[in-house]
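K.L.:
Numbered by this note's numbering, the letters in the sequence shown go through residues 6 to 350 in order.
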Amino acid sequence: IANVTRFAEAQRATLKPLDIEALPGIHLGHRIIPIDRVGVYVPGGRYPILSAAVMTVVPAKVAGCREIIACLPPKAHAAMIAGCAIAGAHRVFRVGGAQAIAAMAFGTASLPAVDKIFGPGNAYVNEAKRQVFGRVGIDQLAGPSEIFTVADDSGDPAMIAADLLAQAEHDVRSRVGLITTSEALGQAVLAEIDKQLQTLRTREVAGAAWRDHGEIAVCASEEAMIAYSDFIAAEHLQVHTRDSHATGRKLSNYGSLFIGPLASVVYSDKCCGTNHTLPTMAGARHSGGLWVGSYLKVCTHQWLEPKGVAQVALHAVRQAGNEGQWGHQAAAEYRLKMLGINERL
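Written as structure tokens, this is what we have:
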């Protein structure tokens, strides 16, 4: 919780109010305003993921949301319920699935309607979020977990295999893969996965995910490797190359980037500090992951002095007339007359 809070606070500090005088007498700006009441869904799922509540509740608390409502399935592990409270949720409800999404969107006698819903879930939760979007905001539509590693021939086959299987055990639909410029590394990782699956206690799930959704892509060049990685736009993307920082700077589409062999996705999943609620299903082509800004509104404002009206009102009158919006034209002209500005374009 402390690490996630620290990183969220640092992110919040980068978001600042703005006020400029765009032209003489024309003042423009924005304010950063917390969403009033948010709802977080904490999934039950295959495992009691204790960090799930932390990742959705802590940023809301740092953002300054007035009320944080948490929902999780009735049979959720007691530690997950405690996690919601410790992370900062104001009220915790034991209701799960699509029912929880509906309750947070429309409200009930005991559960108030929220302004935006956060948190991953199964296909039913996703569909419910899709259907209520518009009435309330949503963070994203999350699919099964994903991990890809881009690597050259310096990669450690055993380490890469362990990281791929760590994400594969999330769900039989998890997508995992290696993108490499080295066929030898690809063959070695393939052998390591088969070896490690033999002793992995979650091999029934991880093995099915690897069999049905795993891949190893061998590319002719670093450029091709980067292009394919950006096409995949993986939720989690690890970089295991001789100069991982240089390779990382060339990549554009990913939920979160793990630079170098020491940066395991597992650390971020559990306790490193970055948020593990990330876009899947190529969503990283257009969106980033959950962060404190997801709980904030950037709201613009403007105010004008008489000299500012003189600069814009005449243009607005002419443009409104050309567009046939006579009400717009009249509203602009009213201020011209009020200020005694009689020129016409």
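Glycine included, each C-beta is placed from N, C-alpha and C at the ideal position.
Just so you know, these numbers come straight off a predicted model, no measurement behind them.
Classify L190: buried if its beta carbon has 16 or more other beta carbons within 10 angstroms, exposed otherwise.
P.N.:
buried
K.L.:
Going by DSSP, what residues sit across from F44 in a beta bridge?
P.N.:
One detail in the question is off: residue 44 reads as Gly in this sequence, not Phe. In the DSSP output, where bridge partners are listed per residue, G44 has I74, I122.
K.L.:
Of the choices G298, L344, L295, V303, whose alpha-carbon is the least far from that of L319?
P.N.:
L344
K.L.:
In chain order, what residues of the same chain lie with their CB nearer than 7 Å to the CB of M286, ignoring the 5 residues before and after it?
P.N.:
G148
K.L.:
Does the beta-carbon of V59 have 16 or more other beta-carbons within 10 angstroms, so that it is buried, or is it exposed?
P.N.:
buried
K.L.:
Counting pairs of Cβ atoms below 8 Å between the stretch 61-78 and the stretch 87-100, do you hit three or more?
P.N.:
Contact between the stretch 61-78 and the stretch 87-100 is present: 3 or more CB-CB pairs across the two stretches fall below 8 Å.
K.L.:
Identify, in the order they occur along the chain, each residue of the same chain with its Cβ nearer than 7 Å to the Cβ of H250, setting aside the five sequence neighbours on each side.
P.N.:
I264
K.L.:
Residue range of the alpha helix (DSSP H) that P39 falls in?
P.N.:
Careful: P39 lies outside any alpha helix (DSSP H), inside the beta strand (DSSP E) at 31-39.
K.L.:
Does the stretch 237-246 touch the stretch 209-219, meaning 3 or more C-beta pairs lie closer than 8 Å?
P.N.:
No, they do not touch.
K.L.:
Straight-line CA distance for L205 to A163?
P.N.:
13 Å
K.L.:
Which runs of the alpha helix (DSSP H) at least 4 residues long sit entirely within the stretch 269-310? Give them in chain order.
P.N.:
Within the stretch 269-310, the complete alpha helix (DSSP H) runs of at least 4 residues are 270-275.
K.L.:
Should the stretch 323-338 be regarded as contacting the stretch 167-179, the criterion being three or more beta carbon pairs within less than 8 Å?
P.N.:
no
K.L.:
Could you tell me the boundaries of the beta strand (DSSP E) in which D24 lies?
P.N.:
23-28
K.L.:
Would D144 pass as a contact of R42 if the rule is Cβ separation under 8 Å?
P.N.:
no
K.L.:
Short of 8 Å in beta carbon distance, which residues of its chain neighbour P22, apart from the five on each side in sequence? Order them along the chain.
P.N.:
Non-local C-beta neighbours of P22 in its own chain, meaning closer than 8 Å and more than five positions away in sequence, comprise G34, H35, R36, I37, ordered along the chain.
K.L.:
Let me know the alpha helix (DSSP H) ranges lying completely inside the stretch 139-197, each 4 residues or longer, listed in chain order.
P.N.:
162-173
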